[in-house]
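First up is the structure itself, then whatever we jot down about it.
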Amino acid sequence: MDLFFKWLSALTFEGGGFSEAAVAEALAEALMMCCPGPKPPTVPQHKHCLLIAASNPHPIPTPVMRPPVILLPTGQAELQSDKWWLADAETVAKAFPPCQVSLSVIAPRQLPLLRSIYNGAKRNPRAADTGPDFSKQHLVLISEGFSEGKLAFCPAAAASKYCCVV
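Spelled out as structure tokens, the structure:
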């Protein structure tokens, strides 16, 4: 675990200008690659997206590709015909659950806006963030759907159901 945090702290991040990153654009691109489209896969698949960012996302909505599936207020998924939409990173993150993609977030420092993006992508928005605090300096939020990622952080406690649910 210490080796991972040492590695994370040593990463150099570039771009983003004005201390903000193009997170909405990156998440939208990830969704376009992972979202199943009009036909669901015949074999169940687990898709995970890992966002590693060192700065907050742009606060202003930007034009991004719309995923082919959105979640309606009724909880039903619907195909989208519009190709573009104006969205900020948190809005794009809310499109992850209907596309059956989990989102985990890692940052070399605590950034509340990245935590809100993670919360927006939860399949169960009411689920509490529980589990160990991996680091006071780093933000490590592993999706409840990414069991392999959770096990990587605490393999010795794999038997515990609360091991790494962050």
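No gaps in the numbering here: position 7 of the sequence shown is -11 in the numbering used here, and each next residue is one more.
Glycine included, C-beta positions come from ideal geometry on N, C-alpha and C.
Could you check which residue in Ala75, Gly131, Cys17 and Ala12 has the C-alpha nearest to that of Cys81?
Cys17
Count the other C-beta atoms from every protein chain shown that fall within 10 angstroms of the C-beta of Lys132, then say buried if there are 16 or more, exposed otherwise.
buried
How about Leu123 and Leu95: do their beta carbons lie closer than 9 Å?
no
What three-state label does DSSP hand Ile42 in the structure shown?
coil
Three-state class that DSSP yields for Ser98 in the structure shown:
helix
Excluding sequence positions up to five away, which residues of its chain have a Cβ less than 7 Å from the Cβ of Ala69?
Ala6, Pro43 and Val46
Give the single residue among Gln92, Leu93 and Ile99 whose Cα lies nearest to the Cα of Ser86.
Ile99
So, at 6 Å on beta carbons, what are the nonlocal neighbours of Phe78 in its own chain, with the 5 sequence-adjacent residues on each side left out?
Leu85 and Ala103
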